[in-house]
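Okay, so the sequence shown: first residue is 1351 according to my numbering, each after it adds one. Positions of the beta carbon are idealized from the N, C-alpha and C atoms, including for glycine. Just so we're clear, the structure is a prediction, and the values are computed from it rather than from any experiment.
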Amino acid sequence: MNIEELIKKVAKGEIKLHQVEKYTNDKRLATEIRRKALERKLGVTLDNIGHYSIDPNQVIGKNIENMIGVVQIPMGVAGPLKINGEYAKGEFYIPLATTEGALVASVNRGCSTLTAAGGVKTTIIGDKMTRAPLLKCPDARKAREVAEWVKGNIEYLQEEAVSKVTRHGKLRDIKPYIVGNNLYLRFEFETGDAMGMNMVTIASEEIMKVIESRFPEVKYLALSGNVCVDKKPNAMNFINGRGKSVIAEATIPREIVEKKLKTTPELIAEVNYRKNLVGSAQAGSYGFNAHFGNIVGAIFLATGQDEAQITEGSHGITLAEVTPEGDLYISITMPSLEIGTVGGGTRVPTQREALTIMGVAGGGKPPGANAKKFAEIIAGAVLAGELSLLAAIAAKHLAKAHKELGR
1351 MNIEELIKKV
1361 AKGEIKLHQV
1371 EKYTNDKRLA
1381 TEIRRKALER
1391 KLGVTLDNIG
1401 HYSIDPNQVI
1411 GKNIENMIGV
1421 VQIPMGVAGP
1431 LKINGEYAKG
1441 EFYIPLATTE
1451 GALVASVNRG
1461 CSTLTAAGGV
1471 KTTIIGDKMT
1481 RAPLLKCPDA
1491 RKAREVAEWV
1501 KGNIEYLQEE
1511 AVSKVTRHGK
1521 LRDIKPYIVG
1531 NNLYLRFEFE
1541 TGDAMGMNMV
1551 TIASEEIMKV
1561 IESRFPEVKY
1571 LALSGNVCVD
1581 KKPNAMNFIN
1591 GRGKSVIAEA
1601 TIPREIVEKK
1611 LKTTPELIAE
1621 VNYRKNLVGS
1631 AQAGSYGFNA
1641 HFGNIVGAIF
1651 LATGQDEAQI
1661 TEGSHGITLA
1671 EVTPEGDLYI
1681 SITMPSLEIG
1691 TVGGGTRVPT
1701 QREALTIMGV
1711 AGGGKPPGAN
1721 AKKFAEIIAG
1731 AVLAGELSLL
1741 AAIAAKHLAK
1751 AHKELGR
C-alpha cells in the first residue's frame, strides 16, 4: 500500500490512528501520514505542527502515541543566578518555556537582584517519591494487623519485592492510613536521579503480591488509592512532602532593594504578608505564594518534566521580613517538587538540551546528585520570580510591565 492510499484509509477511518505503524517501519513517515490524514479529514493546514527536529523514532512508544508533530513554545533564559547550595554551586542560567510575556523578564530581574546580594542559599529537607496502594480488609482490626506487619518488615519487602524490579529504587518508609476497613499504604522511596513515578509504581505492585500472599483474606483493589498524592492539590504533600522538599532563602541589603527593585524591604514584607499569607488563607489556598506555578511550569515544559505535577510544584510558602539591620530576608519553601534528570520527557532531545544549560542532564555522581542540584536551581529561580513580582506589586509597576512586554 502506498502513502497516498494509507492517508485516504486513515482519513476515512478504515485504518485507526494507532494502527499506522503496522504499515510502515518508519515512525517519522507514520507521523506524516497521520497528520496529512487529519488535514484532509478536517480541512485544515498543520504545517507548523509538522515542522520539527525531534525524531519520532526516538519518542513514539516512549513519550507519545498517535504522533502528528510537535507544539512549539518560545523558550527564554533568565540569569545568571548565583546559588550557594549543597549541590548547586555557582552561577546558573535557567531555561523557561512560556507564552506569558513579562515572565522571563521578571525572573531575570530577580536573578540579577539576588546575585548582586551574594546569591541564594538552598537547602533540601526531604527527598522521596510515594505511591499508596489500597487494600480492602475484612475489618479495621485486620487492617491494623497488616499495617503493623508492613511497618515492621520494610527491609524484607525491599529484598523480596523492590530489588527484583529496580536497581535504583529504595523503599525507605511506609505510612499506613486506615479508614473503616480500607488500608492505604503510603510507600516512600528513594529514586536516584529519576522523578521515579514509574519506578515506584512497578515496585509497589510487587510489594502488593507479597502482602496478598501473606494475607489472603485481604483484597488488593487499586495500585493508587489517591493518598500518594499525584497531580492533585492536596494537604498531604503540602505537609509531608513528595519529590524534593527544598527551601531557598536570601538576605538582600536595603540599598540593593531600593536601587534594583524601586521599593523598600518594608513594603515587600507587607505585601507578602497581606497578599500571600492573609489573602491565601482567605482563599483556602495550598499556595501561600505569588506565582510558584509560573516558574515551575515554565521550567517543567522546558526540561521534559511531568507537566501535571506543576500542581504540587505550585504548593508552598513565601516569607519576607525586615531584618534588625533594615535589610530584606526572603525565603520560599517548596514541599513537593517532583522532578528528574533521567527518564520520561528528559530523553527528548530539545528538553535534554535545556537540562544541559543548567549542567544537570542525565545521571549524577553519586546517583541522585543531579536531581537534587536541579531542585536547588528551580528553587532559586522560584525565589527570583517571587521577589521580582512582590517588588513590582509593592512599587505598583505590575500593570506597566505587562503593558510594555506584550500582555
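Restricting to Cα atoms, I'd like to know which of the options is closest to residue i.
i: residue 1680; options: 1559, 1659, 1733 and 1450; result: 1733
i: residue 1522; options: 1672, 1528, 1529 and 1513; result: 1513
i: residue 1443; options: 1395, 1726 and 1745; result: 1726
i: residue 1437; options: 1741, 1717 and 1487; result: 1717
i: residue 1550; options: 1592, 1533, 1586 and 1585; result: 1592
i: residue 1378; options: 1419, 1351, 1388 and 1433; result: 1419
i: residue 1676; options: 1528, 1654 and 1614; result: 1614
i: residue 1623; options: 1590, 1670 and 1583; result: 1670
i: residue 1433; options: 1369, 1723, 1575 and 1489; result: 1723
i: residue 1694; options: 1361, 1412 and 1394; result: 1412
i: residue 1654; options: 1394, 1688 and 1450; result: 1688
i: residue 1398; options: 1392, 1421, 1380 and 1388; result: 1421
i: residue 1570; options: 1609, 1595 and 1487; result: 1487
i: residue 1506; options: 1556, 1547 and 1610; result: 1556
i: residue 1764; options: 1373, 1363, 1376 and 1426; result: Outside the displayed range of the chain (1351 to 1757) lies residue 1764, so it cannot be described from this structure.
i: residue 1540; options: 1430, 1736 and 1508; result: 1508
i: residue 1494; options: 1468, 1705 and 1531; result: 1531
Alpha carbon to alpha carbon, how far is residue j from residue i? Give it in angstroms, no decimals.
i: residue 1674; j: residue 1630; result: 27 Å
i: residue 1647; j: residue 1660; result: 6 Å
i: residue 1616; j: residue 1678; result: 8 Å
i: residue 1715; j: residue 1709; result: 12 Å
i: residue 1371; j: residue 1403; result: 20 Å
i: residue 1762; j: residue 1619; result: Past the edges of the chain, shown from 1351 to 1757, lies residue 1762, and the structure says nothing about it.
i: residue 1407; j: residue 1365; result: 20 Å
i: residue 1575; j: residue 1354; result: 47 Å
i: residue 1448; j: residue 1477; result: 28 Å
i: residue 1542; j: residue 1548; result: 13 Å
i: residue 1367; j: residue 1394; result: 17 Å
i: residue 1565; j: residue 1590; result: 29 Å
Quick check: residue i and residue j, are their CB atoms within less than 7 Å of each other?
i: residue 1657; j: residue 1686; result: no
i: residue 1455; j: residue 1612; result: no
i: residue 1536; j: residue 1525; result: yes
i: residue 1711; j: residue 1702; result: yes
i: residue 1383; j: residue 1410; result: no
i: residue 1740; j: residue 1607; result: no
i: residue 1572; j: residue 1484; result: yes
i: residue 1482; j: residue 1516; result: no
i: residue 1636; j: residue 1583; result: yes
i: residue 1472; j: residue 1440; result: no
i: residue 1390; j: residue 1361; result: yes
i: residue 1423; j: residue 1651; result: yes
i: residue 1538; j: residue 1480; result: yes
i: residue 1475; j: residue 1595; result: yes
Using DSSP's beta-bridge definition, name the partner residues of residue i.
i: residue 1532; result: 1486 and 1529
i: residue 1446; result: 1426
i: residue 1473; result: 1597
i: residue 1672; result: 1678
i: residue 1684; result: 1596
For residue i and residue j, which I take to be in contact (beta-carbon distance under 8 Å), what is that distance rounded to the nearest angstrom?
i: residue 1568; j: residue 1492; result: 7 Å
i: residue 1600; j: residue 1464; result: 5 Å
i: residue 1598; j: residue 1729; result: 4 Å
i: residue 1738; j: residue 1460; result: 4 Å
i: residue 1639; j: residue 1626; result: 6 Å
i: residue 1579; j: residue 1587; result: 6 Å
i: residue 1490; j: residue 1457; result: Rounded, the Cβ-Cβ distance is 50 Å, inconsistent with contact.
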